[in-house]
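In what follows, a single structure is set out as structure tokens and then discussed.
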Amino acid sequence: MIQSMTGYGKSLVQLPSKKITVEIKSLNSKNLDLNTRVPSSYREKELEIRNRLSKSLVRGKVDFNLYVEITGEETTTEINEIVVKQYMQQLARVANGDPVELLKMAVRMPDALKTERSEIDETEFKVILDAVDNALEALNAYRFDEGEVLRQDFLQRVTTISDLLNKVVTMDPQRVENVKDRLHKAISDLKETVDENRFEQELIYYLEKYDITEEKVRLRNHIDYFIENLNSNTSNGKKLGFITQEIGREINTIGSKANFAPMQQLVVQMKDELEKIKEQSLNVL
Numbered sequence: 001m002i003q004s005m006t007g008y009g010k011s012l013v014q015l016p017s018k019k020i021t022v023e024i025k026s027l028n029s030k031n032l033d034l035n036t037r038v039p040s041s042y043r044e045k046e047l048e049i050r051n052r053l054s055k056s057l058v059r060g061k062v063d064f065n066l067y068v069e070i071t072g073e074e075t076t077t078e079i080n081e082i083v084v085k086q087y088m089q090q091l092a093r094v095a096n097g098d099p100v101e102l103l104k105m106a107v108r109m110p111d112a113l114k115t116e117r118s119e120i121d122e123t124e125f126k127v128i129l130d131a132v133d134n135a136l137e138a139l140n141a142y143r144f145d146e147g148e149v150l151r152q153d154f155l156q157r158v159t160t161i162s163d164l165l166n167k168v169v170t171m172d173p174q175r176v177e178n179v180k181d182r183l184h185k186a187i188s189d190l191k192e193t194v195d196e197n198r199f200e201q202e203l204i205y206y207l208e209k210y211d212i213t214e215e216k217v218r219l220r221n222h223i224d225y226f227i228e229n230l231n232s233n234t235s236n237g238k239k240l241g242f243i244t245q246e247i248g249r250e251i252n253t254i255g256s257k258a259n260f261a262p263m264q265q266l267v268v269q270m271k272d273e274l275e276k277i278k279e280q281s282l283n284v285l
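For the sequence shown, position 35 (counting from the first letter as 1) is numbered 35 according to the UniProt record's numbering, and the numbering increases by one without interruption.
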């Protein structure tokens, strides 16, 4: 079953003194383009998180965000009193002012706050990894749902191409007769006598040159192969893209050989449906 590369997953965890939020968003991309944002206190675990994401998300432009909100009394940030007092003294020498106003300016200066780096609690980090897994599960479920929408759209459009091909097959004898009539008329307009045997030979050569039997067979095979991969258990957007290229090649050849306006109109319709498939296939995992 195909999957879309577009997806969104979110997971929330409430700890005694912290609220953990994990968000993952993915868009289409040729390869895996992973962008992670984690708090500095968890920076040493970023590689482990990236590896976890890479195993689950094969392709796509992925944005991962980990938010940690302190909800209790726990905090690792303190006012650097010595530095703040020095700032206030220096500010007071520059301009006389209310100490409260000087304090407001001083705490915004560099190094006014200091953060004590604490060791990562492994139990807490396991909870974070569980939240990552839950967000990934939600994102993949989203991808499957979007993939089913794409599958139905592809199936409808490729079925339309197949129906148009059936019309081409039905129309082909009429096209051949039309070509013969045009050649006979061209000879008649010349008002010259021609060798019938030579004419038949030239006619056979001309018809063979514009014969589309092989193209019809190959196009039918490509359509069947596309549907087969569309309904398979794996999602391979690149493979579907390759098959659409082959479908397009056969449609173009039929169009160039048709030499018959009604058939060329059918070819235009097939091309229109195929272009829409190509656009959407870029979003398949």
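The C-beta atom is built at its ideal place from N, Cα and C for all residues, glycine as well.
Residue i: buried (16+ other C-beta within 10 angstroms of its C-beta) or exposed?
| i | result |
| --- | --- |
| residue 283 | buried |
| residue 93 | exposed |
| residue 1 | exposed |
| residue 275 | exposed |
| residue 132 | buried |
| residue 182 | exposed |
| residue 62 | buried |
| residue 97 | exposed |
| residue 208 | exposed |
| residue 38 | buried |
| residue 268 | exposed |
| residue 177 | exposed |
| residue 273 | buried |
| residue 146 | buried |
Give the secondary structure of residue i by DSSP, where H, G and I count as helix, E and B as strand, and everything else as coil.
| i | result |
| --- | --- |
| residue 59 | coil |
| residue 7 | strand |
| residue 49 | helix |
| residue 18 | strand |
| residue 197 | helix |
| residue 36 | strand |
| residue 287 | In the structure displayed, the chain extends from 1 to 285; residue 287 sits before or after that span and is not available. |
| residue 41 | helix |
| residue 310 | Not covered by the structure: residue 310. The range shown for the chain is 1 to 285. |
| residue 185 | helix |
| residue 26 | strand |
| residue 128 | helix |
| residue 65 | strand |
| residue 207 | helix |
| residue 282 | coil |
| residue 82 | helix |
| residue 70 | strand |
Should residue i and residue j be called a contact, given that it needs their Cβ atoms to be closer than 9 angstroms?
| i | j | result |
| --- | --- | --- |
| residue 144 | residue 3 | yes |
| residue 7 | residue 60 | yes |
| residue 128 | residue 47 | no |
| residue 11 | residue 134 | yes |
| residue 42 | residue 120 | yes |
| residue 263 | residue 251 | no |
| residue 258 | residue 206 | no |
| residue 84 | residue 103 | yes |
| residue 79 | residue 17 | no |
| residue 227 | residue 254 | no |
| residue 235 | residue 285 | yes |
| residue 139 | residue 26 | yes |
| residue 248 | residue 216 | no |
| residue 124 | residue 15 | yes |
| residue 136 | residue 52 | yes |
| residue 40 | residue 5 | no |
| residue 130 | residue 58 | no |
| residue 174 | residue 64 | no |
Between residue i and the ligand NAD, is there a pair consisting of the residue's CB and a ligand heavy atom that are separated by less than 8 angstroms?
| i | result |
| --- | --- |
| residue 135 | Summarising the ligand content, the structure contains no ligands, and the ligand NAD is consequently not present. |
Original post:
Looking at C-beta atoms only, is the number of pairs between the segment 164–173 and the segment 29–37 that lie closer than 8 angstroms three or more?
Top reply: no
**OP:** Please determine if the segment 22–31 and the segment 98–110 are in contact, where contact requires at least 3 C-beta pairs separated by less than 8 angstroms.
**Re:** no
Subject >> Three-pair Cβ contact test at 8 angstroms for the segment 242–254 versus the segment 222–229 >> reply: yes
**OP:** Could you tell me whether the segment 226–238 touches the segment 148–155, where touching means 3 or more Cβ pairs closer than 8 angstroms?
**Re:** yes
Subject >> Runs of alpha helix (DSSP H) lying entirely within the segment 209–263, each at least 4 residues, in chain order >> reply: 213–230, 237–258
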